[in-house]
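Colleague: Handing you a structure now.
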Amino acid sequence: MAAGGSTTKAALVEEVSQVADLTKKHSEVIVDTVFRSIITALRRGEKIELRGFGSFRLRQREPRKGRNPKTGDRVDVPPKKVPYFKPGKELKELINREPAPAVPSLTPSTPGPDPGPTRY
């Protein structure tokens, strides 16, 4: 995956292809299916919960008064639904865990707790 930049769908497809030993075409079908399933469930008003990763849901934005940035005129902004992602506890912990040093240290260290298996 990309280091320091952004990860693209193509990079996700490549990762699935390598990890699962599948063709890129098969991997692309898998990635597309996951994305499409999330979108379809959200459109039905369902919540998607991926244990250990997080949940997707819709939030309703109320109508409001806005301003046209070009003219400054007030405009009505209609109500709309927006997707919202709430990270799970395990994902937050994995992101905030101190990275392992790139070069082994010469001083002994005590290992941290075993995070256990990764679940999807």
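Add 22 to a position in the sequence shown, counting from 1, and you land on the number used in the numbering used here. Note that beta-carbon positions come from the ideal geometry of N, C-alpha and C, so glycine has one too.
Report whether the distance from the Cβ of L64 to the nearest heavy atom of the ligand MN is below 6 Å.
Modeller: In terms of ligand content, the structure shown is empty, and the ligand MN therefore cannot be addressed.
Colleague: Could you check whether E71 and S77 sit closer than 7 Å to each other, using their CB atoms as the reference points?
Modeller: yes
Colleague: According to DSSP, which residues form a beta bridge with D98?
Modeller: K87
Colleague: To which residues does DSSP link I70 through a beta bridge?
Modeller: F78
Colleague: Which whole-angstrom value is the C-beta distance of I52 and V38, which I expect to be below 8 Å?
Modeller: 6 Å
Colleague: Exposed or buried, what is S49 when buried is set at 16 or more other beta-carbons lying within 10 Å of its beta-carbon?
Modeller: buried
Colleague: Determine, using beta-carbon pairs with one atom in the segment 112-119 and one in the segment 87-96, whether at least three such pairs fall under 8 Å.
Modeller: Judged by pairs of C-beta atoms under 8 Å, the segment 112-119 does not touch the segment 87-96, as fewer than three such pairs exist.
Colleague: With 16 other CB atoms within 10 Å as the buried threshold, where does V16 fall?
Modeller: Nothing can be reported for residue 16: it is not among the residues displayed for the chain, which extend from 23 to 142.
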